[in-house]
Amino acid sequence: MHPELQHLVDSVATELSRPATVEDRRQRLVVYSPHSELPDVVRHVSILQRRVSAEVLAWLRQFELPKARHPVRVPRNVALGMLPRICVPIRHHDLLLGYLWLIDADESMSSDQIALTETAAQGFALALYREVLAGELAQNRETEAVRNLLLCGGDVRPRAARTLIDGRHFDPSLGVVVMVARPVLTPDAEPDAQVRLALEHALVDTRRRLPARHSVHLVSYSDGLLLLGTEEEVDEATVDRCVSHLDHALQTAMSGLDHVSSSVIGVGQPRSELTQARDSYLEADQAARMAASMPDVSRIARWSQLGIYRVLAQLFSQDLGDLVLHPGLERLFADPEALPLLQTLETYLDLSGNALATSKHLMLHRTSLYYRIQRFEHLAGANLKDGNERLCLHLGLKLARFTGRYRPAC
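Here it is in C-alpha coordinates:
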(Lines of atoms letter the chains of each structure in order from A and count residues from 1; the text may use other names and numbers.)
(Lines give C-alpha, C1' and ligand atoms only; values in the text may rest on other atoms or scores of the structure.)
Protein backbone atom coordinates (compact mmCIF):
# COMPACT_ATOMS: atom_id res chain seq x y z
CA MET A 1 0.00 0.00 0.00
CA HIS A 2 2.96 2.32 0.75
CA PRO A 3 5.78 0.62 -1.23
CA GLU A 4 8.28 3.49 -1.05
CA LEU A 5 7.79 3.98 2.68
CA GLN A 6 7.88 0.23 3.27
CA HIS A 7 11.24 -0.04 1.50
CA LEU A 8 12.64 2.83 3.56
CA VAL A 9 11.48 1.49 6.92
CA ASP A 10 12.78 -1.99 6.09
CA SER A 11 16.15 -0.49 5.15
CA VAL A 12 16.58 1.51 8.35
CA ALA A 13 15.47 -1.46 10.48
CA THR A 14 18.05 -3.69 8.78
CA GLU A 15 20.84 -1.13 9.13
CA LEU A 16 20.16 -0.58 12.83
CA SER A 17 19.26 -4.21 13.60
CA ARG A 18 16.04 -3.27 15.34
CA PRO A 19 12.40 -3.09 14.21
CA ALA A 20 11.00 0.29 13.24
CA THR A 21 7.63 1.93 12.68
CA VAL A 22 6.50 5.13 11.00
CA GLU A 23 3.46 7.09 12.21
CA ASP A 24 1.76 10.15 10.79
CA ARG A 25 1.60 13.36 12.83
CA ARG A 26 -1.59 12.17 14.56
CA GLN A 27 0.35 9.07 15.63
CA ARG A 28 -1.55 6.67 13.40
CA LEU A 29 0.59 3.81 12.11
CA VAL A 30 1.61 4.12 8.45
CA VAL A 31 4.18 1.33 7.94
CA TYR A 32 6.27 -1.01 10.06
CA SER A 33 9.27 -3.25 9.44
CA PRO A 34 9.19 -7.03 10.01
CA HIS A 35 9.17 -8.01 13.69
CA SER A 36 10.42 -11.42 14.81
CA GLU A 37 8.38 -10.79 17.94
CA LEU A 38 6.39 -7.87 19.29
CA PRO A 39 8.71 -6.33 21.89
CA ASP A 40 6.18 -4.61 24.14
CA VAL A 41 2.47 -3.94 24.66
CA VAL A 42 2.50 -0.51 23.04
CA ARG A 43 4.08 -1.77 19.81
CA HIS A 44 1.66 -4.71 19.80
CA VAL A 45 -1.39 -2.42 20.10
CA SER A 46 0.02 0.02 17.55
CA ILE A 47 0.38 -2.68 14.89
CA LEU A 48 -2.95 -4.36 15.61
CA GLN A 49 -4.99 -1.16 15.84
CA ARG A 50 -2.78 1.05 13.61
CA ARG A 51 -2.68 3.77 16.25
CA VAL A 52 -1.49 4.34 19.82
CA SER A 53 -3.95 4.28 22.68
CA ALA A 54 -5.30 7.44 24.29
CA GLU A 55 -3.37 6.55 27.48
CA VAL A 56 -0.08 6.45 25.58
CA LEU A 57 -0.91 9.66 23.75
CA ALA A 58 -1.61 11.43 27.05
CA TRP A 59 1.68 10.23 28.55
CA LEU A 60 3.75 11.20 25.50
CA ARG A 61 2.38 14.74 25.60
CA GLN A 62 4.97 15.74 28.23
CA PHE A 63 7.79 15.23 25.70
CA GLU A 64 6.34 17.82 23.28
CA LEU A 65 7.08 15.65 20.27
CA PRO A 66 5.26 17.94 17.79
CA LYS A 67 7.84 20.65 18.57
CA ALA A 68 10.88 18.37 18.30
CA ARG A 69 13.50 19.05 15.63
CA HIS A 70 15.86 16.22 16.57
CA PRO A 71 15.58 12.65 17.94
CA VAL A 72 13.98 12.38 21.38
CA ARG A 73 14.67 9.64 23.93
CA VAL A 74 11.42 8.40 25.45
CA PRO A 75 11.97 6.46 28.70
CA ARG A 76 10.43 3.22 29.84
CA ASN A 77 6.87 3.27 31.21
CA VAL A 78 6.15 0.07 33.11
CA ALA A 79 2.49 0.90 33.71
CA LEU A 80 1.84 1.23 29.97
CA GLY A 81 4.03 -1.74 29.04
CA MET A 82 6.35 0.52 27.06
CA LEU A 83 10.08 -0.02 26.54
CA PRO A 84 12.53 2.87 26.02
CA ARG A 85 12.38 4.33 22.51
CA ILE A 86 13.92 6.79 20.13
CA CYS A 87 11.41 9.07 18.42
CA VAL A 88 12.64 10.86 15.30
CA PRO A 89 10.46 13.65 13.89
CA ILE A 90 9.91 13.53 10.13
CA ARG A 91 9.64 17.00 8.60
CA HIS A 92 9.36 18.37 5.08
CA HIS A 93 10.41 22.04 4.87
CA ASP A 94 9.75 22.32 8.62
CA LEU A 95 6.23 20.85 8.26
CA LEU A 96 5.75 17.98 10.72
CA LEU A 97 4.57 14.88 8.83
CA GLY A 98 5.11 12.09 11.33
CA TYR A 99 7.56 10.12 13.42
CA LEU A 100 10.06 7.31 13.00
CA TRP A 101 10.09 5.08 16.10
CA LEU A 102 12.79 2.61 17.14
CA ILE A 103 12.71 0.60 20.36
CA ASP A 104 15.93 0.86 22.37
CA ALA A 105 15.20 -1.63 25.14
CA ASP A 106 18.68 -1.57 26.71
CA GLU A 107 19.30 2.06 25.74
CA SER A 108 22.38 0.99 23.80
CA MET A 109 21.92 3.06 20.64
CA SER A 110 25.06 5.12 20.08
CA SER A 111 25.19 8.76 19.06
CA ASP A 112 26.29 7.64 15.57
CA GLN A 113 23.26 5.37 15.27
CA ILE A 114 20.94 8.12 16.43
CA ALA A 115 22.51 10.48 13.89
CA LEU A 116 21.81 7.85 11.24
CA THR A 117 18.12 7.84 12.21
CA GLU A 118 18.04 11.60 11.69
CA THR A 119 19.48 11.18 8.20
CA ALA A 120 16.98 8.40 7.49
CA ALA A 121 14.12 10.66 8.56
CA GLN A 122 15.10 13.11 5.83
CA GLY A 123 14.67 10.31 3.31
CA PHE A 124 11.22 9.54 4.67
CA ALA A 125 10.05 13.14 4.39
CA LEU A 126 9.23 13.41 0.69
CA ALA A 127 7.66 9.94 0.50
CA LEU A 128 5.53 10.57 3.59
CA TYR A 129 4.57 14.00 2.29
CA ARG A 130 3.10 12.44 -0.84
CA GLU A 131 1.24 9.81 1.19
CA VAL A 132 -0.09 12.33 3.70
CA LEU A 133 -1.20 14.70 0.94
CA ALA A 134 -3.16 11.96 -0.84
CA GLY A 135 -4.71 10.70 2.39
CA GLU A 136 -5.68 14.14 3.62
CA LEU A 137 -7.30 15.04 0.31
CA ALA A 138 -9.60 12.03 0.72
CA GLN A 139 -10.19 12.80 4.40
CA ASN A 140 -10.89 16.45 3.62
CA ARG A 141 -13.70 15.43 1.27
CA GLU A 142 -15.33 13.44 4.09
CA THR A 143 -14.74 16.25 6.59
CA GLU A 144 -16.20 18.86 4.26
CA ALA A 145 -19.28 16.69 3.68
CA VAL A 146 -19.88 16.28 7.44
CA ARG A 147 -19.37 20.01 7.99
CA ASN A 148 -21.84 20.87 5.20
CA LEU A 149 -24.33 18.35 6.55
CA LEU A 150 -24.33 19.88 10.04
CA LEU A 151 -23.61 23.55 9.51
CA CYS A 152 -24.97 24.59 6.11
CA GLY A 153 -28.39 25.44 4.71
CA GLY A 154 -31.08 23.02 3.62
CA ASP A 155 -30.14 22.99 -0.07
CA VAL A 156 -26.57 21.84 0.71
CA ARG A 157 -27.37 19.10 3.22
CA PRO A 158 -28.84 16.51 0.80
CA ARG A 159 -25.72 16.73 -1.38
CA ALA A 160 -23.48 16.36 1.68
CA ALA A 161 -25.39 13.27 2.82
CA ARG A 162 -25.14 11.80 -0.69
CA THR A 163 -21.37 12.38 -0.68
CA LEU A 164 -21.00 10.41 2.57
CA ILE A 165 -23.24 7.61 1.32
CA ASP A 166 -21.67 7.37 -2.15
CA GLY A 167 -18.20 7.43 -0.58
CA ARG A 168 -19.23 4.42 1.52
CA HIS A 169 -18.67 6.33 4.75
CA PHE A 170 -22.24 5.90 6.01
CA ASP A 171 -24.91 3.22 5.49
CA PRO A 172 -27.98 4.80 3.79
CA SER A 173 -30.37 2.44 5.63
CA LEU A 174 -29.45 3.93 9.02
CA GLY A 175 -30.87 6.81 11.01
CA VAL A 176 -28.56 9.08 12.98
CA VAL A 177 -27.88 10.43 16.48
CA VAL A 178 -25.37 13.25 16.92
CA MET A 179 -23.10 13.64 19.96
CA VAL A 180 -21.08 16.76 20.77
CA ALA A 181 -17.92 16.23 22.86
CA ARG A 182 -16.78 19.52 24.36
CA PRO A 183 -13.69 20.21 26.51
CA VAL A 184 -14.34 22.70 29.31
CA LEU A 185 -11.34 25.02 29.37
CA THR A 186 -9.88 26.98 32.25
CA PRO A 187 -10.63 30.73 32.32
CA ASP A 188 -8.96 32.68 29.48
CA ALA A 189 -7.76 29.48 27.77
CA GLU A 190 -8.43 28.87 24.07
CA PRO A 191 -8.75 25.56 22.20
CA ASP A 192 -5.42 24.65 20.63
CA ALA A 193 -3.89 21.93 18.47
CA GLN A 194 -3.39 19.65 21.49
CA VAL A 195 -7.08 19.85 22.37
CA ARG A 196 -8.12 19.11 18.80
CA LEU A 197 -5.67 16.19 18.56
CA ALA A 198 -7.08 14.76 21.81
CA LEU A 199 -10.62 15.11 20.41
CA GLU A 200 -9.55 13.33 17.22
CA HIS A 201 -8.09 10.44 19.21
CA ALA A 202 -11.20 10.11 21.39
CA LEU A 203 -13.51 10.07 18.36
CA VAL A 204 -11.39 7.61 16.40
CA ASP A 205 -11.09 5.35 19.45
CA THR A 206 -14.89 5.36 19.81
CA ARG A 207 -15.51 4.71 16.10
CA ARG A 208 -13.12 1.77 16.19
CA ARG A 209 -15.65 -0.07 18.39
CA LEU A 210 -18.51 0.46 15.92
CA PRO A 211 -19.40 -1.49 12.76
CA ALA A 212 -18.16 -0.17 9.43
CA ARG A 213 -20.26 2.64 7.89
CA HIS A 214 -22.06 3.23 11.21
CA SER A 215 -20.34 6.52 12.08
CA VAL A 216 -18.56 9.61 10.80
CA HIS A 217 -16.97 12.39 12.81
CA LEU A 218 -15.73 15.96 12.65
CA VAL A 219 -13.32 17.93 14.82
CA SER A 220 -14.24 21.61 14.79
CA TYR A 221 -12.44 24.55 16.40
CA SER A 222 -13.47 23.57 19.93
CA ASP A 223 -15.66 20.44 19.72
CA GLY A 224 -15.69 16.86 18.52
CA LEU A 225 -18.84 15.74 16.71
CA LEU A 226 -19.81 12.08 16.32
CA LEU A 227 -22.63 10.96 14.03
CA LEU A 228 -23.78 7.49 15.11
CA GLY A 229 -25.85 5.36 12.74
CA THR A 230 -28.99 3.87 14.30
CA GLU A 231 -31.32 1.09 13.22
CA GLU A 232 -34.99 1.77 12.47
CA GLU A 233 -35.90 0.85 16.05
CA VAL A 234 -33.38 2.89 18.02
CA ASP A 235 -31.60 0.73 20.60
CA GLU A 236 -31.01 3.06 23.54
CA ALA A 237 -28.55 0.60 25.08
CA THR A 238 -26.36 0.82 21.96
CA VAL A 239 -26.44 4.62 22.08
CA ASP A 240 -25.62 4.55 25.80
CA ARG A 241 -22.63 2.25 25.23
CA CYS A 242 -21.32 4.53 22.51
CA VAL A 243 -21.69 7.59 24.75
CA SER A 244 -19.93 5.77 27.59
CA HIS A 245 -17.01 4.77 25.32
CA LEU A 246 -16.74 8.33 24.02
CA ASP A 247 -16.75 9.76 27.53
CA HIS A 248 -14.00 7.41 28.70
CA ALA A 249 -11.89 8.04 25.60
CA LEU A 250 -12.38 11.79 25.93
CA GLN A 251 -11.33 11.91 29.58
CA THR A 252 -8.29 9.75 28.87
CA ALA A 253 -7.20 11.77 25.85
CA MET A 254 -7.61 15.08 27.73
CA SER A 255 -5.68 13.97 30.82
CA GLY A 256 -2.51 15.99 31.27
CA LEU A 257 -3.84 19.05 29.44
CA ASP A 258 -3.56 21.73 32.12
CA HIS A 259 -5.90 24.15 30.35
CA VAL A 260 -8.74 21.59 30.22
CA SER A 261 -10.67 21.43 33.50
CA SER A 262 -13.22 18.80 32.43
CA SER A 263 -15.25 17.60 29.46
CA VAL A 264 -18.94 17.22 28.66
CA ILE A 265 -21.02 15.42 26.05
CA GLY A 266 -24.34 16.51 24.60
CA VAL A 267 -26.59 13.93 22.93
CA GLY A 268 -29.32 14.87 20.45
CA GLN A 269 -32.50 13.01 19.60
CA PRO A 270 -32.36 10.28 16.92
CA ARG A 271 -33.44 11.12 13.38
CA SER A 272 -34.61 8.68 10.73
CA GLU A 273 -32.35 9.92 7.90
CA LEU A 274 -28.81 11.23 7.58
CA THR A 275 -30.12 14.41 5.92
CA GLN A 276 -31.79 15.30 9.25
CA ALA A 277 -28.54 15.12 11.24
CA ARG A 278 -28.41 18.91 11.68
CA ASP A 279 -31.53 18.85 13.88
CA SER A 280 -29.93 16.26 16.18
CA TYR A 281 -26.68 18.25 16.14
CA LEU A 282 -28.39 21.48 17.28
CA GLU A 283 -29.96 19.59 20.19
CA ALA A 284 -26.65 17.97 21.13
CA ASP A 285 -24.86 21.32 20.94
CA GLN A 286 -27.38 22.98 23.25
CA ALA A 287 -27.26 20.02 25.66
CA ALA A 288 -23.45 20.30 25.78
CA ARG A 289 -23.75 24.03 26.53
CA MET A 290 -26.05 23.21 29.42
CA ALA A 291 -23.70 20.56 30.78
CA ALA A 292 -20.75 22.97 30.61
CA SER A 293 -22.62 25.89 32.21
CA MET A 294 -24.94 24.36 34.79
CA PRO A 295 -23.49 22.38 37.71
CA ASP A 296 -26.78 20.58 38.31
CA VAL A 297 -26.85 19.19 34.75
CA SER A 298 -25.00 15.89 34.24
CA ARG A 299 -21.67 15.93 32.38
CA ILE A 300 -23.40 13.70 29.84
CA ALA A 301 -26.51 15.67 28.91
CA ARG A 302 -29.22 14.15 26.73
CA TRP A 303 -31.57 16.59 25.06
CA SER A 304 -34.50 14.32 25.87
CA GLN A 305 -33.74 14.51 29.60
CA LEU A 306 -33.00 18.23 30.03
CA GLY A 307 -36.49 19.12 31.29
CA ILE A 308 -36.85 22.86 31.89
CA TYR A 309 -33.29 23.33 30.67
CA ARG A 310 -34.52 22.59 27.14
CA VAL A 311 -36.40 25.88 27.33
CA LEU A 312 -33.35 27.69 28.69
CA ALA A 313 -31.16 26.17 25.98
CA GLN A 314 -33.46 27.48 23.28
CA LEU A 315 -33.57 30.89 24.94
CA PHE A 316 -29.78 30.83 25.05
CA SER A 317 -29.71 30.51 21.26
CA GLN A 318 -31.25 34.02 21.12
CA ASP A 319 -29.56 37.33 21.95
CA LEU A 320 -29.96 37.62 25.72
CA GLY A 321 -27.38 40.32 26.35
CA ASP A 322 -29.95 43.03 27.17
CA LEU A 323 -32.62 40.83 28.74
CA VAL A 324 -33.56 42.01 32.27
CA LEU A 325 -35.73 39.62 34.29
CA HIS A 326 -35.46 41.33 37.68
CA PRO A 327 -33.99 44.83 38.22
CA GLY A 328 -32.88 44.08 41.78
CA LEU A 329 -31.05 40.97 40.62
CA GLU A 330 -29.27 42.99 37.93
CA ARG A 331 -27.98 45.43 40.57
CA LEU A 332 -26.48 42.60 42.60
CA PHE A 333 -24.80 41.03 39.56
CA ALA A 334 -22.71 44.21 39.38
CA ASP A 335 -21.62 43.95 43.04
CA PRO A 336 -18.83 41.37 43.68
CA GLU A 337 -19.61 41.37 47.41
CA ALA A 338 -23.12 40.11 46.67
CA LEU A 339 -21.85 36.85 45.16
CA PRO A 340 -22.35 34.76 48.37
CA LEU A 341 -25.94 36.02 48.58
CA LEU A 342 -26.61 35.08 44.95
CA GLN A 343 -25.09 31.61 45.38
CA THR A 344 -27.14 31.07 48.52
CA LEU A 345 -30.31 32.18 46.74
CA GLU A 346 -29.65 29.91 43.75
CA THR A 347 -29.11 26.87 45.95
CA TYR A 348 -32.22 27.72 48.00
CA LEU A 349 -34.34 27.96 44.83
CA ASP A 350 -32.76 24.84 43.29
CA LEU A 351 -33.85 22.93 46.41
CA SER A 352 -37.43 24.23 46.21
CA GLY A 353 -37.03 26.58 49.16
CA ASN A 354 -36.17 23.75 51.55
CA ALA A 355 -34.19 25.51 54.28
CA LEU A 356 -32.92 22.31 55.93
CA ALA A 357 -31.61 20.86 52.65
CA THR A 358 -30.05 24.21 51.69
CA SER A 359 -28.30 24.51 55.05
CA LYS A 360 -26.83 21.03 54.71
CA HIS A 361 -25.74 21.62 51.11
CA LEU A 362 -24.02 24.92 51.93
CA MET A 363 -22.85 23.75 55.37
CA LEU A 364 -24.52 26.80 56.93
CA HIS A 365 -26.41 27.15 60.19
CA ARG A 366 -30.06 27.82 59.41
CA THR A 367 -29.86 31.14 61.22
CA SER A 368 -27.10 32.22 58.80
CA LEU A 369 -29.16 30.99 55.87
CA TYR A 370 -32.21 33.01 56.94
CA TYR A 371 -30.02 36.08 57.41
CA ARG A 372 -28.64 35.77 53.87
CA ILE A 373 -32.10 35.29 52.37
CA GLN A 374 -33.46 38.32 54.23
CA ARG A 375 -30.39 40.35 53.28
CA PHE A 376 -30.94 39.47 49.62
CA GLU A 377 -34.61 40.44 49.79
CA HIS A 378 -33.66 43.80 51.28
CA LEU A 379 -30.91 44.60 48.75
CA ALA A 380 -32.83 43.37 45.70
CA GLY A 381 -36.22 44.66 46.74
CA ALA A 382 -37.57 41.13 46.31
CA ASN A 383 -40.26 39.07 48.04
CA LEU A 384 -39.49 35.34 48.07
CA LYS A 385 -42.98 34.58 49.36
CA ASP A 386 -44.30 35.55 45.91
CA GLY A 387 -44.23 32.49 43.61
CA ASN A 388 -44.02 34.53 40.41
CA GLU A 389 -41.09 36.54 41.76
CA ARG A 390 -39.30 33.37 42.85
CA LEU A 391 -39.69 31.98 39.33
CA CYS A 392 -38.39 35.24 37.86
CA LEU A 393 -35.35 35.22 40.16
CA HIS A 394 -34.57 31.56 39.51
CA LEU A 395 -34.79 32.00 35.75
CA GLY A 396 -32.73 35.19 35.96
CA LEU A 397 -29.91 33.41 37.81
CA LYS A 398 -29.79 30.58 35.27
CA LEU A 399 -29.78 32.88 32.26
CA ALA A 400 -27.14 35.08 33.88
CA ARG A 401 -24.81 32.08 34.05
CA PHE A 402 -25.03 31.77 30.27
CA THR A 403 -24.44 35.43 29.54
CA GLY A 404 -21.54 35.65 31.99
CA ARG A 405 -23.16 38.26 34.22
CA TYR A 406 -23.19 35.76 37.09
CA ARG A 407 -20.07 33.67 37.67
CA PRO A 408 -20.39 31.62 40.85
CA ALA A 409 -17.38 29.85 42.29
CA CYS A 410 -18.94 26.43 41.66
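Counting along the sequence shown from 1, when you hit position 407 you're at 415 in this note's numbering, and nothing is skipped either side. We put the CB at the ideal spot given by N, CA and C, even for glycine. Because the structure is a prediction, the values reported are computed rather than measured.
C-beta atoms of residue i and residue j nearer than 8 Å
i	j	result
A189	A210	yes
H225	L182	no
V133	L105	Before going further, note that residue 133 is Ala rather than Val in the sequence given. Yes, the Cβ-Cβ distance between A133 and L105 is below 8 Å.
A169	L282	yes
L337	L401	yes
P83	I94	no
R398	L392	yes
R36	R58	yes
R380	A363	no
A261	A62	yes
T3	Y356	Only positions 9 to 418 of the chain appear in the structure, and residue 3 is not among them; the question remains open.
L207	G232	yes
E139	L13	yes
R167	R286	no
R279	S269	no
H10	V38	yes
L205	C250	no
Y107	E31	yes
A300	S306	no
Candidates the options, of which the one nearest residue i by Cα
i	options	result
A153	G175, L134, Y137 and R138	G175
D266	E63, Q57, Q70 and A28	Q70
G89	A128, V49 and S54	V49
D200	L218, V212 and V227	V227
R339	A285, R413 and H177	R413
L254	L236, Q322, Q277 and G264	L236
G131	S54, V20, L387 and P335	V20
Q202	W311, S263, M187 and V242	S263
E150	F178, Y137, C160 and A128	F178
A66	L377, Y40, A257 and S230	A257
L314	E345, R286, Q277 and H334	Q277
L73	M187, P97 and L233	P97
L234	N85, W311, E63 and V185	V185
H101	L136, Q259, I308 and A87	L136
P303	E239, R215 and F410	F410
H43	D32, D18 and V60	D18
R77	S41, Y40 and T127	T127
G404	L205, A285, C160 and Y317	Y317
A342	T238, R415, P11 and S376	R415
C160	R310, L290 and H386	L290
Q147	T171, G162 and T125	T171
G361	A388, D394 and P335	D394
I308	E115, M187, R155 and E241	M187
V64	L158, Q121, Y40 and D213	D213
I173	I55, G162 and L157	L157
E115	Y229, T125, R99 and L91	L91
R215	D163, V242 and T246	T246
Q284	S119, E345, R51 and G162	G162
P180	P191, P195 and A220	A220
R155	Y229, S118, V86 and S376	Y229
Opening and closing residue of the beta strand (DSSP E) in which residue i lies
i	result
T29	A28 to D32
A309	I308 to R310
L46	Here L46 belongs to no beta strand (DSSP E), and DSSP marks it neither H nor E.
P97	R93 to H100
V39	L37 to Y40
V82	V80 to V82
Residue i: first and last residue of the uninterrupted alpha helix (DSSP H) it sits in
i	result
G395	G395 to T411
R297	A285 to S301
L105	Not the alpha helix (DSSP H): L105 falls in the beta strand (DSSP E), residues L103 to I111.
S118	Here S118 belongs to no alpha helix (DSSP H), and DSSP marks it neither H nor E.
L435	The structure shown does not extend to residue 435, since the chain is modelled only from 9 through 418, so no value can be given for it.
E63	A62 to L68
_Inter-stretch contact at 8 Å, needing at least 3 Cβ pairs: the stretch 10-29 / the stretch 110-121_ = yes
_Within 8 Å, do at least three Cβ pairs link the stretch 289-303 to the stretch 266-278?_
Enough Cβ pairs lie closer than 8 Å, so yes.
*Taking the runs of the beta strand (DSSP E) that are 3 residues or longer, which of them lie wholly in the stretch 218-270?*
223-227 and 232-238
*Would you check if there are 3 or more beta carbon pairs closer than 8 Å linking the stretch 346-356 to the stretch 364-381?*
yes
*For the stretch 128-213, which segments carrying the alpha helix (DSSP H) assignment without a break, of at least 4 residues, lie completely within its bounds, in sequence order?*
165-174
*asked:* Restricting to runs no shorter than 4 residues, where is the alpha helix (DSSP H) found entirely within the stretch 340-387?
replied: 347-358 and 363-370
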